[in-house]
Amino acid sequence: MKSGRRIAFDYGQVRIGVAASDVSGLIASPVATLQAQDPDLSQQVSSLISEYEPIYIVVGEPKHLSGKSNPSLEAAHSFATFLATLTQTPIHFIDERMSTLSAARTLRESGKNAKESKGLIDAMAAVAILESALERERIAGSLDK
């Protein structure tokens, strides 16, 4: 695997979970939960990209279980277009159909209740998205394959 950090976004109309990998691409960790409607969102995202200097960015694609498009998928694609205005870093999509459920289950198993976990669930969903990307990269050698 290529050396360098990767960053993932779990876009939601209310909150955006963010996760990043270590330089080796082995570990994905939660970084932040941003407010989607924050007037400073552009600055916050730009700061994260500058801080982590990712070799690529991953955005979760919230498809229906059937794989069909929906308004959330269109919003995630619009968010990726927004990201492209902030950076030249390659942006990839990863299927995130089960990421939020998986994150909620993990947090529940660690003893956190839903109220305590509300913001953290989004960041943990971004971790699940990034872990999927890292696994795909390890197997295929790239996200482009």
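Its first residue numbered 5, the sequence shown is counted upward by one per residue in my numbering.
Built from N, CA and C at the ideal position, the CB exists for glycine as well.
Return the bridge partner residues of residue i from the DSSP annotation.
{"i": "E65", "result": "D99"}
{"i": "P43", "result": "DSSP, once it has assigned bridges, lists no residue as partnering P43."}
Residue i: buried (16+ other C-beta within 10 angstroms of its C-beta) or exposed?
{"i": "D44", "result": "exposed"}
{"i": "D14", "result": "buried"}
{"i": "G16", "result": "buried"}
{"i": "G145", "result": "exposed"}
{"i": "R160", "result": "With the chain represented from 5 up to 149, any question about residue 160 goes unanswered, as that position is not in the structure."}
{"i": "D126", "result": "buried"}
{"i": "E65", "result": "buried"}
{"i": "E100", "result": "buried"}
Alpha carbon to alpha carbon, what distance is there between residue j and residue i?
{"i": "T37", "j": "V18", "result": "10 Å"}
{"i": "H96", "j": "Q41", "result": "23 Å"}
{"i": "M128", "j": "A24", "result": "11 Å"}
{"i": "A206", "j": "L90", "result": "For the chain, the structure presents residues 5 to 149; residue 206 sits outside this window and is missing."}
{"i": "N74", "j": "D26", "result": "33 Å"}
{"i": "L147", "j": "L124", "result": "26 Å"}
{"i": "I20", "j": "E139", "result": "22 Å"}
{"i": "V63", "j": "Q39", "result": "16 Å"}
Measure from the C-beta of residue i to each C-beta in chain B and report whether the shortest distance is under 8 Å.
{"i": "I20", "result": "The structure shown contains no chain B; it is built from a single protein chain."}
With a cut-off of 8 Å on the beta carbons, I'd call residue i and residue j a contact; round off their distance for me.
{"i": "S51", "j": "S28", "result": "Incorrect: roughly 23 Å between the Cβ atoms, too far for contact."}
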